[in-house]
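Residue numbers (this note's numbering): 583 to 727.
Notes follow once the structure below has been shown.
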Amino acid sequence: MLLPRLVPGGGAIEMAVAQKLLLKATHGPYRALAHALEIIPKTIAQNCGANTIRTLTALRAKHANHTDQSKPCAWGIDGESGEIVEQGTDGLWEPLAVKLQTYKTAIETAILLLRIDDIVSGSKKKGDREPATPADVQREQQQQD
Numbered sequence: 583m584l585l586p587r588l589v590p591g592g593g594a595i596e597m598a599v600a601q602k603l604l605l606k607a608t609h610g611p612y613r614a615l616a617h618a619l620e621i622i623p624k625t626i627a628q629n630c631g632a633n634t635i636r637t638l639t640a641l642r643a644k645h646a647n648h649t650d651q652s653k654p655c656a657w658g659i660d661g662e663s664g665e666i667v668e669q670g671t672d673g674l675w676e677p678l679a680v681k682l683q684t685y686k687t688a689i690e691t692a693i694l695l696l697r698i699d700d701i702v703s704g705s706k707k708k709g710d711r712e713p714a715t716p717a718d719v720q721r722e723q724q725q726q727d
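Encoded structure:
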């Protein structure tokens with residue numbers, strides 16, 4: 583095991599990271615990542631039938647009011663009842679290595695999609711001036727002759 587550590591589940595870590603990003607966010611990408619991380623607890627709340635707006639608002643308040651800097655805020659959503667509970671006490675833990683790899687993969691995928699989008703939009707602009715297929719090239723050459 584590379585990282586034999588556990589973190590609280592139920593969206594607690596995602597909300598804690600989102601809160602830290604929002605506090606230090608000076609640019610749009612940090613805010614976008616923070617809002618993307620909040621989708622995890624939102625989905626948990628939706629799946630168990632809880633009111634997502636009230637639950638997320640209460641969860642944000644718990645994380646915003648957390649003052650103990652020695653440990654991260656462990657308030658998350660109970661996936662069965664939809665209630666906000668302290669995740670360390672109910673035994674819901676997740677491996678840190680899995681969380682880190684999930685974040686890395688998600689960010690790498692987003693970067694890859696943005697690169698592909700740039701390539702496609704760039705080729706469309708070039709495609710307006712250049713023929714797209716070899717048959718089009720031959721037709722243009724014949725028209726020029």
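No residue lacks a Cβ here, since even glycine has one placed at the ideal position from N, Cα and C.
What number of angstroms, rounded off, separates the C-alpha of Asp660 from the C-alpha of Gly670?
12 Å
Where does Val589 land, buried or exposed, given buried means 16+ other C-beta within 10 angstroms?
buried
Per the DSSP calculation, Gly658 is bridged to which residue(s)?
Val667
Taking only the alpha-carbon atoms, compute the straight-line gap between Gln683 and Thr691 and give it to the nearest angstrom.
12 Å
Going by other Cβ atoms of all chains shown within 10 Å of its Cβ, with 16 needed for buried, is Glu665 buried or exposed?
exposed
Pick out whichever of Val599, Asp700, Ile698 and Gly673 has its Cα sitting closest to the Cα of Pro623.
Val599
Which of the three DSSP states, helix, strand or coil, is assigned to Leu674?
When secondary structure is reduced to three states using DSSP, Leu674 falls in the coil class, being assigned neither helix nor strand.
I think Lys657 touches Glu668, with their Cβ atoms under 8 Å apart; what is that distance to the nearest whole Å?
According to the sequence provided, residue 657 is Trp. The question's Lys does not apply to it. The pair is a contact, with the Cβ atoms about 6 Å apart (cut-off 8 Å).
Between the beta-carbon of Ser663 and the beta-carbon of Cys630, is there less than 8 Å?
yes
In whole angstroms, give me the CA-to-CA distance for Arg642 and Met597.
Near 7 Å, if we compare the C-alpha coordinates of Met597 and Arg642.
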